[in-house]
Amino acid sequence: EQASNVTRTAWLSKGLPYEVAATTIDCQCGSAQQANNFINNLIAADAIDVGIACGVEAMSRVQLGANAMNGPGSSRPEDFPWDMPDQFGAAQRIAENRGITRDDIEWLGFESQRKAARAVEEGRFEREIAPIEVPVMGEDGPTGETQVISRDQGPRETTREGLAKLKPVVEGHIHTAG
1228 EQASNVTRTA WLSKGLPYEV AATTIDCQCG SAQQANNFIN NLIAADAIDV GIACGVEAMS
1288 RVQLGANAMN GPGSSRPEDF PWDMPDQFGA AQRIAENRGI TRDDIEWLGF ESQRKAARAV
1348 EEGRFEREIA PIEVPVMGED GPTGETQVIS RDQGPRETTR EGLAKLKPVV EGHIHTAG
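Counting in our numbering, the sequence shown runs without a single skipped number right up to 1405 at its last residue.
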């Protein structure tokens, strides 16, 4: 995770061609999305024909502010004039300011999951996911067999009743893991 050019390191460690360029983006969060944006723009500009975009984030291992001059913590001065809430505080504030209720977000979450399930059923994501061969895992590790995976693990079956039973991520707030 702290391997300087992690993209190049991963590429070369698999014995792939030395002549292929690699770029690492260090966004601390959202690197994969930014990598996709870069690839898209390079293809649109006719600079490349094909590219691979990926992201490596380990936010649980490298805490926010870890690269600040005086170590982890806020890099903002004490008289910093703007409030900087975490994502849950910001989401709650937006909900309160806009009159969004828990019922509203549960309906939106339910509809989103329903539409995603239909899209999977209709094969709409098939061109988005490249099938890969992976080891079959047993209780003691790899079994020596392989299988082809061609879809991810989501979406999960969701009901409005199930969403209503979820506890909020932050006590007293409306947002849940649903």
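We put the CB at the ideal spot given by N, CA and C, even for glycine.
- Relative to the Cα of P1382, the nearest Cα in the group A1249, I1279, E1348, R1354 belongs to E1348.
- In this structure, W1334 is the residue among W1334, D1310, F1315 with its C-alpha nearest to the C-alpha of T1385.
- The region 1318–1338 and the region 1387–1396 touch, with three or more beta-carbon pairs separated by less than 8 Å.
- Of the candidates E1246, V1247, I1252, L1243, the residue whose Cα lies closest to the Cα of V1233 is I1252.
- Burial is judged here by how many other beta carbons sit within 10 angstroms of a residue's own beta carbon; S1377 has fewer than 16 and is exposed.
- In the structure shown, the three-state DSSP call for I1356 is coil.
- As the crow flies, the alpha-carbon of S1231 is around 44 Å from that of T1328.
- Around the Cβ of Q1380, a 10 Å sphere holds fewer than 16 other Cβ atoms; the residue is exposed.
- Under DSSP, G1368 shares a beta bridge with G1365.
- For G1389, the enclosing alpha helix (DSSP H) begins and ends at 1387–1392.
- The beta carbon of H1400 is closer than 7 Å to those of F1315, Q1319 in its chain, skipping five residues each way along the sequence.
- The alpha-carbon separation between A1322 and W1309 amounts to approximately 19 Å.
- By the C-beta density criterion, A1262 is buried, having at least 16 other C-beta atoms within 10 angstroms.
- Taking the CA atoms as reference points, G1257 sits about 31 Å from G1368.
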